[in-house]
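Chains A and B, in that order, give the protein sequences. First residue of the first sequence? That's 1 in my numbering, and the numbers climb one at a time after it. First residue of the second sequence? That's 1001 in my numbering, and the numbers climb one at a time after it. All C-beta atoms in this analysis are idealised placements derived from N, C-alpha and C, irrespective of residue type, glycine included.
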Amino acid sequence: MSRDIYDLLGLVAAVCFILALKGLSSPRTARRGNLIGAVGALLATVIVFFYVESPDVLPLNNLGLILAAMTVGVLVGVPAARRVQMTQMPQLVALFNGVGGGAAALVAIVEYLKLGETASLAVLIATIFTVVVGSVSFSGSFVTFLKLQELMTTRPVVFPGGRFVIGATLAGIIAVAAWVITEGGTTPLLLLGALSLLFGVLFVLPVGGADVPIVISLLNAFTGLTVAASGYVLEATLLIVAGTLVGASGTILTRLMAAAMGRSIFGILFGAFTAKAVDAVGSDSARPVKSGSAEDVAILLNYAQRVVIVPGFGLAVAQAQHTVRELADLLTAKGIEVAYGIHPVAGRMPGHMNVLLAEANVPYEQLAEMEEVNPTFAQTDVALVIGANDVVNPAAKSTPSAPIYGMPILEVANAANVIFLKRSMRPGFAGIENELLYDQKTTLLFGDAKTSLTAVVSALKAL
Amino acid sequence: MSDVVALFSIFILAIFIGFEVVSKVSTTLHTPLMSGANAIHGIILVGAIIVADHSDTTLELVLSLIAIVLATINLVGGFVVTDRMLEMFKGKKK
């Protein structure tokens, strides 16, 4: 295949990626957009086997090994993507992003080993950028995975002198990068990669659990830029276009997500260093709460005229989406108005809850976004909060020292009655106490969301 | 136009396209969009294949084969998981 034909087909693939992102921005075209992207990726991957420098060197060197490595990748990636539970999907996206960043860093390292002294300054800078940012993305994504999977604490991890260690690591990266440019050689480049891996870990550790999705989005944009930089090193136009598209759209998306949570990106990344130690008001769990039985909850619901259901991650974990729909259907049949109040970041990522409820066939018209539902709480008799905590926590409005301060919340406190279905008094993902739990108008029903809901449904039927 | 300038022009224009295509997107779609964009950068697979072809030493070959495995997971897994997410939305629109 001649260079021109190869580049033209690469252009087709690049257009596919643009259409894919465009399609993904609207609900009606999203799925088609994703498929167009996949077609573009397939095309780009196939043509690279038919063009390399000059036609007479085909087939590629190491062809068998290349195909074997791709097969391994497919055998790992596809089952992981198919089997993952929808509740665990954010972690998987984080892992996929991390391995992409790792791949970009490795490509840059190999190309550097190959070029050695002959690399131009611009190529060297692009290589350094890819190795640093790709490694940060790799290790940083892995830490976000550990946090989301709750294999480590979801609270911000800050240790004495943390700022100094991060600063020293960053200074080390800059010094070693200068060493790569002036002296060159494999040792400084590998050292650069190692320091960047460390930096990725240090950079994500202080981020609180609730902010982790935004960091994933940011690292996603980073990985895109590393792909663009390796495209420059390899003179592969398609990689430049695809990587830049992801870098630019990922940056916008990160800002949109942060805005939906009322947070600044700077505050998310460095907040834990500047915030004073959070003084959890009334952290002694001995304070009195009003806990009720399933029957009490059923009676409250039965005499309501309007009920707003606020689903949270606990609902998804308990796989209670179907039971909550049964409850909503039952209430609707009694002539009670039912709506779901969906916080933009309910679940673990923006839009995550919509995906989870769609999975349970909840009618799309009943899903109300936060801006729509907030003004209606004053006319609401019962707000039923199922496995959610941070997204209804008034501390976001009242306590400037709280890590979630400034995040828009669902104002369930304005409803006449608030019912919490919770597993325990444990605080939410952000790790802060919720004053609303101790309020006079709040009733708590402890237990697994699915068991509790099933009990409420039977109690309601018995009334 | 020299090659470097041509590549740089492509880079700058792509930034604007990237900003433009996602400037308005509802929160409902933030998760699938992130996941879809994530899949697209798996195209580093093409770069990994190119360096595997170039590889002369065992070290280069081993590193590039690892890169191929990682990039394939990112690319293929990313598109599959995004499709699974979006499948849930179908038929729910009025």
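Inter-residue distance for V46(A) and I1049(B) is about 11 Å (C-alpha atoms, whole angstroms).
Taking C-beta atoms as the reference points, G102(A) and L1065(B) fail to come closer than 8 Å. Of all alpha-carbon atoms in P427(A), F377(A), N417(A), N434(A), the one lying nearest the alpha-carbon of T399(A) is that of N434(A). Taking 8 Å as the cut-off between beta carbons, none of the residues of the segment 182-200 of chain A comes near chain B.
For chain B, the residues of the segment 229-246 of chain A that bring a beta carbon within less than 8 Å of one of its beta carbons are S230, G231, Y232, L234, E235, A236, T237, L238, L239, I240, V241, A242, G243, T244, L245, V246, in chain order. K147(A) and K422(A) have their C-alpha atoms roughly 21 Å apart. Not a single C-beta of chain B is nearer than 8 Å to the C-beta of P375(A).
The Cβ of M1(A) sits no closer than 8 Å to any Cβ of chain B. Between Q319(A) and the set V207(A), A177(A), N34(A), I386(A), the nearest pair of CA atoms involves I386(A). In the DSSP assignment, Y340(A) forms a beta bridge with I309(A), L367(A). When 8 Å is used as the limit between beta carbons, S1055(B) is near these residues of chain A: N61, N62, V110, K114, in chain order. Under the three-state reduction of DSSP, N302(A) is assigned to helix. Interface annotation, M425(A): not in contact with chain B, CB-CB separation never under 8 Å. In this chain, the alpha helix (DSSP H) harbouring L327(A) covers 321-333.
Counted as a single uninterrupted DSSP element, the alpha helix (DSSP H) harbouring I5(A) occupies residues 3-24.
If you look at K422(A), you'll find it in the beta strand (DSSP E) that goes 417-422. The beta carbon of S1035(B) falls within 8 Å of a beta carbon belonging to chain A, placing the residue at that interface. The beta carbon of L218(A) sits no closer than 8 Å to any beta carbon of chain B.
According to the DSSP secondary-structure assignment, T130(A) is paired through a beta bridge with no residue. Nearest neighbour of E111(A) by Cα position, chosen from G1078(B), I1073(B), S1055(B), turns out to be S1055(B).
The three-state reading of DSSP puts I47(A) in helix, counting H, G and I together. Cβ contact annotation for V215(A) (same chain, cutoff 8 Å, sequence separation greater than five): G140, T144, V204, V207, I268, L269, in chain order. Under the three-state reduction of DSSP output, A383(A) falls in the strand class. Using a Cβ distance threshold of 8 Å, V391(A) and A339(A) do not count as a contacting pair.
Rounded to the nearest angstrom, the gap between the Cα atoms of A1052(B) and S1023(B) is 37 Å. Sequence-distant partners of V212(A) (beyond 5 residues in either direction) whose C-beta falls short of 7 Å from its own C-beta, in its chain, are T144, K147, L148. Between P1032(B) and M1085(B), the alpha-carbon positions lie close to 7 Å from each other. Listed along chain A, no residue sits closer than 8 Å to S1002(B) by beta-carbon distance, the nearest being about 11 Å off. R32(A) and T254(A) have their C-alpha atoms roughly 23 Å apart. Per the coordinates, the alpha-carbon of G134(A) lies some 8 Å from the alpha-carbon of F222(A). Chain-order list of chain B residues neighbouring K22(A): V1021, by C-beta distance under 7 Å. Note that the C-beta distance between L43(A) and V12(A) is below 8 Å. At least one CB atom of chain A sits nearer than 8 Å to the CB of T1027(B). For V1051(B), the chain A residues whose Cβ falls inside 8 Å of its Cβ are V107, V110, E111, K114, L234, in order along the chain. Between the alpha carbons of N220(A) and A459(A) lies a distance of about 47 Å.
Closer than 7 Å at the C-beta level to chain A, one finds these residues of the segment 1060-1071 of chain B: E1060, L1061, L1063, S1064, L1065, I1066, A1067, I1068, V1069, L1070, A1071.
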